[in-house]
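So for the sequence shown, the numbering used here puts the first residue at 32; every next one is plus one.
The beta-carbon is built from N, C-alpha and C at its ideal position, and this holds for glycine as well.
Remember, it's a predicted structure, so these values are computed and weren't measured experimentally.
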Amino acid sequence: MIKTDFSGIQLPLLGLGTMRFPLRQGSTDPADVDIDKTREIIKAAMAGGVNYFDTAYPYHGSMSETLLGEILSEFPRDSYLLATKFPGHQILSEYDPSAIFEEQLRKCKVEYFDFYLLHNVYENSYSTYTDERWGIIDYFLKMKREGKIRYLGFSTHGGVRFLEDFLLEYGKIMDFCQIQLNYVDWSLQDAKTKCELLKNHKIPVFVMEPVRGGKLSQLPAEDMAVLSSYRPEWSSSEWAFRWLQGIDNIKVILSGMSSMDQLLENINTFSERATLSVAENEALYRIADKMKTTVPCTSCRYCTDNCPMGIDIPEMLSSYNEICFSPSFNIGMRMDAVPVGKRAVDCIECGQCVRMCPQRIDIPKALKDFGVRLEGLPKWADICRERELAAKRNK
Ligand code: SF4
Ligand code: SF4
Numbered sequence: 032m033i034k035t036d037f038s039g040i041q042l043p044l045l046g047l048g049t050m051r052f053p054l055r056q057g058s059t060d061p062a063d064v065d066i067d068k069t070r071e072i073i074k075a076a077m078a079g080g081v082n083y084f085d086t087a088y089p090y091h092g093s094m095s096e097t098l099l100g101e102i103l104s105e106f107p108r109d110s111y112l113l114a115t116k117f118p119g120h121q122i123l124s125e126y127d128p129s130a131i132f133e134e135q136l137r138k139c140k141v142e143y144f145d146f147y148l149l150h151n152v153y154e155n156s157y158s159t160y161t162d163e164r165w166g167i168i169d170y171f172l173k174m175k176r177e178g179k180i181r182y183l184g185f186s187t188h189g190g191v192r193f194l195e196d197f198l199l200e201y202g203k204i205m206d207f208c209q210i211q212l213n214y215v216d217w218s219l220q221d222a223k224t225k226c227e228l229l230k231n232h233k234i235p236v237f238v239m240e241p242v243r244g245g246k247l248s249q250l251p252a253e254d255m256a257v258l259s260s261y262r263p264e265w266s267s268s269e270w271a272f273r274w275l276q277g278i279d280n281i282k283v284i285l286s287g288m289s290s291m292d293q294l295l296e297n298i299n300t301f302s303e304r305a306t307l308s309v310a311e312n313e314a315l316y317r318i319a320d321k322m323k324t325t326v327p328c329t330s331c332r333y334c335t336d337n338c339p340m341g342i343d344i345p346e347m348l349s350s351y352n353e354i355c356f357s358p359s360f361n362i363g364m365r366m367d368a369v370p371v372g373k374r375a376v377d378c379i380e381c382g383q384c385v386r387m388c389p390q391r392i393d394i395p396k397a398l399k400d401f402g403v404r405l406e407g408l409p410k411w412a413d414i415c416r417e418r419e420l421a422a423k424r425n426k
C-alpha cells in the first residue's frame, strides 16, 4: 500500500468510504446493510493495508457509524484510523455538537476520532457552523485539546470563492480538507484551483468521489479503446486512480468500495504509485471534456455585464454542464445558496447575453433547461427531514 506522511503519521493513500456498503439482497433501504459482506470487506481492507475509514452521521440512514464501530471494535484501536463528520450542513431545528459528538463516540465504540470533519461547509451551511448559539467550531477545538479529536478538518462542496473566504478566516485551525476530486471535476468543479488554494494554506487534501459515483469506472468502449492503446491492462477505475496518484498534496483517496472485487482491484492499483505521461493525461482530459460539455462556455464573462438580472451566467452554465453530466442533490444545494432574483429561473430571456457570447451559446435556453432539471432533483430540505427521522430511529 502506498503511504503518505501526515504530520508524522503514515496514512494509506487508499481509504475506505462507508456510504456504499453492500445492502441485503433485494433491499433498497440504505439502513439494510449486509453486515456479513461488510465485515468481510473491512477485514480484507485491513489485511490489505487500507486502515483509514471515513464515515458520517447520516450515512446509511445513520447506521454506518454503528456498523463500522461494531466491526472495527474487533481490531485494536491503534490499528485503524477513523474519520467521521458533524452534520452542520443538514437543515435541523437545532444543533447540539456535544450531544451528537457523544452519540458518535458511543456508536463507533471509540474514545476518540483520529480525523473529525465539519461536514460540507459551503455557502449555505457557513451560517450554521459559525452561529454563536451552537458554538460548533469552538466545541470541536475543545475536543481536540482534550484529545478526543486528533485532527480537525472539513469537507466541502462549496465554490472556489467560498473556499477562499473560508480559508482566510478558518484555514489556520483546519488540519485537512476533503474535496470532490477526479479528472472531470479538475475543471468541471474547478478542483484544480481548490487544490492550489489549499496548498497555499498548507492544508492537505483528502479526496472524495475519485470515480464520480462510479461514472468514471464505466467509460464507453470508444474511450477505453483510446486509453488501452497506452495501457491495455488498466480498467476505467484504475485510470481515475492513477491520475489522482500524480496530484500533489493528496494524503488519502477515499473510495466507497461496496464489493470484494472492487476492493481487491483497488488495493492492487495502490500497491505502488504510477504517474501518467503528458500524452496520457491529455487523453484523459479529452475524455473529460466530451463528458462534461453540454454548453461550451469558456468563462470569458463577456456576457455578464449586460445581464439586467445580474445572473452569474458562466457559474450557472458550469453547474448546468454538471447536472447534464450527472444530476446530484449537491448541485441543488449549491444553487439554493444563490440569491433569489439571480437564479437560472430568473432569466427574463432578454437575449442581451447571447449577443455578447463568442461561443454563440443559446444562454436563455440553457438556463431554462437548467431550471427544469433543478426542479427534478430531490429537495435538500426533504432529504434532511428523512435523515433526521432515520437518525432518531437508529440512535
Ligand atoms: S437572457 Fe437571461 S441571462 Fe441573458 S442577459 Fe437576459 S436575463 Fe440575463
Ligand atoms: S460569453 Fe459565452 S462563453 Fe463567455 S462566459 Fe458568457 S456564456 Fe460563457
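query, result
"Using 8 Å as the threshold, is the C-beta distance between Gly119 and His150 below it?", "yes"
"Going by other Cβ atoms of all chains shown within 10 Å of its Cβ, with 16 needed for buried, is Ser124 buried or exposed?", "exposed"
"Could you pull the start and end residues of the alpha helix (DSSP H) that Tyr83 belongs to?", "Here Tyr83 belongs to no alpha helix (DSSP H); instead the beta strand (DSSP E) covers 83-85."
"Can we count Leu258 as close to ligand 1, meaning its CB is less than 7 Å from some heavy atom?", "no"
"How long is the line joining the alpha carbons of Ile204 and Ile379, rounded to whole angstroms?", "44 Å"
"Residues in the same chain with beta-carbon distance under 7 Å from Gly178, minus the five sequence neighbours each way, listed in chain order, please.", "Tyr143"
"Cβ of Gln390 within 7 Å of any heavy atom in ligand 2?", "yes"
"In the DSSP assignment, find the unbroken alpha helix (DSSP H) run with Asp196 in it and report its ends.", "191-201"
"Whose CB is closer than 7 Å to a heavy atom of ligand 1? List the residues in chain order.", "Cys334, Asn337, Cys338, Pro339, Met340, Ile342, Ile344, Cys378, Ile379, Glu380, Cys381, Gly382, Gln383, Cys384, Val385, Ile394, Pro395, Leu398"
"With burial defined as no fewer than 16 other Cβ atoms inside 10 Å of the residue's Cβ, what is the status of Ser286: buried or exposed?", "buried"
"Mind pulling the alpha helix (DSSP H) runs of 4 or more residues that sit fully within the segment 315-401?", "344-356, 360-367, 383-387"
"By Cβ distance below 7 Å, which residues in the same chain neighbour Pro409 in space, the five residues on each side in sequence not counted?", "Phe360"
"Using C-beta distances below 7 Å, list every residue in its chain close to Ile234, excluding the 5 sequence neighbours before and after it, in chain order.", "Gly202, Met205, Phe207, Cys208"
"Taking Cβ to Cβ, would you say Ala271 is nearer than 8 Å to Tyr214?", "yes"
"Looking at C-alpha atoms only, which residue of Val371, Thr59, Ser330, Ser110 is the closest neighbour of Pro43?", "Ser110"
"Helix, strand or coil: how does DSSP classify Ala305 here?", "coil"
"Out of Phe106, Lys116, Gly80, point me to the one whose CA is closest to Ser95's CA.", "Lys116"
"Less than 8 Å between the beta carbons of Phe132 and Leu103, yes or no?", "no"
"Quick check: Asn280 and Leu45, are their CB atoms within less than 8 Å of each other?", "no"
"When the Cα atoms are used, what is the spatial distance from Tyr88 to Ile66?", "18 Å"
"With the cut-off set at 8 Å, would you say Met32 and Gly80 are in Cβ contact?", "yes"
"Looking only at C-alpha atoms, which of Val371, Met174, Lys230, Asp216 sits nearest to Leu199?", "Lys230"
"Leaving out five residues on either side along the sequence, give the residues of the same chain with a beta carbon under 8 Å from the beta carbon of Pro339.", "Ile379, Cys381, Gln383"
"Measuring alpha carbon to alpha carbon, tell me which of Arg404, Met387, Lys396 ends up nearest Ser362.", "Sequence check: residue 362 is Ile here, not Ser. If we check each option's Cα against that of Ile362, Arg404 comes out closest."
"Please name the residue in Gly402, Leu294, Val309, Leu307 whose C-alpha comes closest to that of Asn82.", "Leu294"
"On the DSSP letters alone, give me the boundaries of the alpha helix (DSSP H) that Tyr90 sits inside.", "90-93"
"Say yes only if the C-beta of Thr324 is nearer than 7 Å to one or more non-hydrogen atoms of ligand 2, and no if none qualify.", "no"
"Would you mind sorting Glu163 into buried or exposed? The rule is 16 or more other CB atoms within 10 Å of its CB.", "exposed"
"Which residues in the same chain have their Cβ closer than 7 Å to the Cβ of Ser290, if we skip the five residues on either side of it in sequence?", "Pro53"
"Pull up the CB-CB distance for Met364 and Arg374, whole angstroms please, since I reckon it's below 8 Å.", "With 8 Å as the limit, Met364 and Arg374 do not qualify as a contact, their Cβ atoms being about 13 Å apart."
"Just how far apart, CA to CA, sit Asp100 and Ala78?", "The question names Asp, yet the displayed sequence has Gly at residue 100. About 18 Å."
"Check this for me: beta carbons of Val385 and Tyr351, under 8 Å apart or not?", "no"
"Under 8 Å, do Lys225 and Leu194 count as touching if we go by C-beta distance?", "yes"
"Could you tell me the alpha carbon to alpha carbon distance between Leu275 and Ile168, rounded to whole angstroms?", "31 Å"
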